[in-house]
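Asker: Counting with UniProt numbering, you get residues 1 to 402 for the letters of the sequence shown. All C-beta atoms, glycine included, are put in the ideal place defined by N, C-alpha and C. These figures come from a predicted structure and were not determined experimentally. Once you've had a glance at the structure underneath, I'll fire off some questions.
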Amino acid sequence: MLENVLKKSIIIYICLTLVEYGLTALGGSLLKIFGYVLIFLWILLKKGMIPNLKKNKALLYMIAFLGCSLATLLWSVDVEMGSYYFLAMANMVFIVIIASTLSWNKKDMDQLLTFFQFAAGIFSLIIVVQGETFGSFSRATLSIGGTMEDPNNMAAMLLIPTIISVWKILNNEGIKLFSTRIVLLNFVLLGLPVTAMLMLGSRGALISAMAGTLFLLLFNNQYSQGSQTSFKTLTIFKTLIIIAAVIVIVIPYIDADILQRFTISRMEEDKGSNRLVIWGMAISEFFKAPLFGIGLGSFQAITQKGVHNQFLIVLVETGIVGFILFTGSLVILLRKTLKNKLGLLAAILIATMVVIFFLDSYNKKFLWNAVLISIIILRYHTCRLRKKPQVSIEKYEYSNLQ
1 MLENVLKKSI IIYICLTLVE YGLTALGGSL LKIFGYVLIF LWILLKKGMI PNLKKNKALL
61 YMIAFLGCSL ATLLWSVDVE MGSYYFLAMA NMVFIVIIAS TLSWNKKDMD QLLTFFQFAA
121 GIFSLIIVVQ GETFGSFSRA TLSIGGTMED PNNMAAMLLI PTIISVWKIL NNEGIKLFST
181 RIVLLNFVLL GLPVTAMLML GSRGALISAM AGTLFLLLFN NQYSQGSQTS FKTLTIFKTL
241 IIIAAVIVIV IPYIDADILQ RFTISRMEED KGSNRLVIWG MAISEFFKAP LFGIGLGSFQ
301 AITQKGVHNQ FLIVLVETGI VGFILFTGSL VILLRKTLKN KLGLLAAILI ATMVVIFFLD
361 SYNKKFLWNA VLISIIILRY HTCRLRKKPQ VSIEKYEYSN LQ
């Protein structure tokens, strides 16, 4: 009973991350408090049980990176900001640990994917209908409780639900509604986030969505159970429908200045919002302390700028050691999903790794949602394997849940 409550709570938690920036009280995130509640419930359920880190190297690397980040606070220029990042990461790592110890089943997977799709669809619809102008720019944002979020972060939050919808369309997976599975709903729940991402004007998010989608197309083609020829034809047809729908229905309603942001000439003009200049500054700081970094939270305190690249900021602030641990955890997860032929999960991780190349994400849920969902789905497959020990896990694809 308590385990089911924990699983449902984690699914709700993931859906609420879309609007976390507006869920605050006393200057702090209510979701962080939600996380503490989950930890307390887990302690009651598991009585101190910890996951098998020998079999979960990705989680082991994450915990080690967390410890490395904590150590760098000893020489951080901005201990307050560094502590904020550390506590945010620690909260998420604990939730990931909790998820790795629960027994997930097919019903849980259906609810996780579908609820996140609908939550993102509703959030996107509100952005489309009631979106506000972000500062002096034409890009959209959404105010919740008087708080606005950066459009890039909002667009990145829509990545995973977008990839889920694309995957369901390609695999003809319907959404269960009133005892009926409706495939067409996936097109709606894909179109809304894509429209919102265009209005938000995030180039990094769209590039990431395309990377994840392209991988899905290639992956599904490679591991299709049916005729390769018919699968290719169906895939191309569905892809053309999606592209045509975006061009015909969505593009005419997007502000011209936002569309201009996606042109090559505009990208050459602003150099990716001056990211190349900032990255050069970051590399200079890296050489000052290459092994263990300049300390968590230090770069912005020194330069008054964000790095806009999670891999680079990890390298600069936690050094080569922290970089190996952080990047290693993601690479291990990706390798495990590829080994087990989990197309959806691999696409989510690839899209996430692309988007964090353009955004800082110590405390951003578009990174941690990908990690959390990865652990959940991999844990689900572990539970399936235990029930069917005579069958190799490599023969199962997440697309065969029906």
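When you compare the region 85-94 with the region 300-315, are there three or more beta-carbon pairs, one atom per stretch, that lie closer than 8 Å?
Answerer: no
Asker: Kindly indicate which residue of L73, L87, L102 has the alpha-carbon position closest to the one of L6.
Answerer: L102
Asker: Under DSSP, the alpha helix (DSSP H) around F118 begins and ends at which residues?
Answerer: 106-130
Asker: Tell me the DSSP secondary structure of I182 in three-state form.
Answerer: strand
Asker: Count the other CB atoms, across all protein chains shown, that sit within 10 Å of the CB of I169; report buried if there are 16 or more and exposed otherwise.
Answerer: buried
Asker: Go ahead and pull the three-state DSSP assignment for K8.
Answerer: DSSP places K8 in helix when its eight states are reduced to three.
Asker: For K32 and G297, what's the separation of their Cα atoms in angstroms?
Answerer: 19 Å
Asker: Rounding to the nearest angstrom, what Cα-Cα distance links I376 and S100 in this structure?
Answerer: 6 Å
Asker: Write down the C-beta distance between E20 and K365 rounded to the nearest angstrom, noting that I regard them as a contact closer than 8 Å.
Answerer: Right, the Cβ-Cβ distance comes to about 6 Å (below 8 Å), so this counts as a contact.
Asker: Start and end of the alpha helix (DSSP H) containing F326?
Answerer: First-last of the alpha helix (DSSP H) with F326: 310-339.
Asker: Kindly indicate the opening and closing residues of the alpha helix (DSSP H) around L87.
Answerer: Counting along the chain, the alpha helix (DSSP H) containing L87 begins and ends at 79-101.
Asker: I'd like the list of long-range same chain contacts for G174, defined as Cβ closer than 7 Å, with 5 residues on each side in sequence excluded.
Answerer: R181, I182, V183
Asker: Ordered along the chain, which non-local residues of its own chain (more than five positions away) have a Cβ less than 8 Å from that of L367?
Answerer: Leaving aside the five residues that flank L367 on each side, the residues in its chain whose CB is nearer than 8 Å to its CB run, in chain order, Q310, T352, I356, S361.
Asker: Quick one: grab the DSSP three-state call for S208.
Answerer: helix
Asker: Using the Cβ count rule (16 or more neighbours within 10 Å means buried), how would you classify T114?
Answerer: buried
Asker: Around the Cβ of T147, are there at least 16 other Cβ atoms within 10 angstroms (buried) or fewer (exposed)?
Answerer: Counting of Cβ neighbours within 10 angstroms places T147 among the exposed residues, the total staying below 16.
Asker: Go through its chain and collect everything with a Cβ distance to G22's Cβ below 6 Å, but skip five positions before and after it.
Answerer: Only I144, G145, T147 meet the Cβ criterion.
Asker: Going by Cα to Cα distance, which pick from T24, A347, L315, I11 is closest to L38?
Answerer: I11
Asker: How big is the Cα-Cα spacing for L333 and I241?
Answerer: 32 Å
Asker: Between I98 and W42, which are expected to be in contact by the criterion C-beta below 8 Å, what is the C-beta distance as a whole number of angstroms?
Answerer: 4 Å
Asker: Determine the direct distance from the alpha carbon of F219 to that of T229, and round the result to whole angstroms.
Answerer: Here T229 scores only 43 on pLDDT, less than 50, and its place in the model is too uncertain to base an answer on.
Asker: Three-state secondary structure (DSSP) at I348?
Answerer: helix
Asker: Out of curiosity, what's the CA-to-CA distance linking Y380 and I350?
Answerer: 20 Å
Asker: Please name the residue or residues paired with G280 in a DSSP beta bridge.
Answerer: Bridge partners of G280: none, in fact.
Asker: Excluding the 5 residues flanking L16 on each side, which residues of the same chain have their C-beta closer than 7 Å to its C-beta?
Answerer: L23, L31
Asker: Exposed or buried, what is Y36 when buried is set at 16 or more other beta-carbons lying within 10 Å of its beta-carbon?
Answerer: Exposed.
Asker: Starting from the C-beta of V166, find all residues in its chain whose C-beta is less than 7 Å away, skip the five residues before and the five after it, and write them out in chain order.
Answerer: Taking C-beta separations shorter than 7 Å and ignoring five residues to either side along the sequence, the partners of V166 in its chain run L190, T213, L216, following chain order.
Asker: By the three-class DSSP mapping on this structure, what secondary structure does A289 have?
Answerer: coil
Asker: Hey, out of P51, F116, K106, A205, whose CA is closest to P151's CA?
Answerer: A205
Asker: Whole angstroms are fine: how far does the CA of W75 sit from the CA of T141?
Answerer: 36 Å
Asker: Within this structure, are the beta carbons of I163 and A347 separated by less than 8 Å?
Answerer: yes
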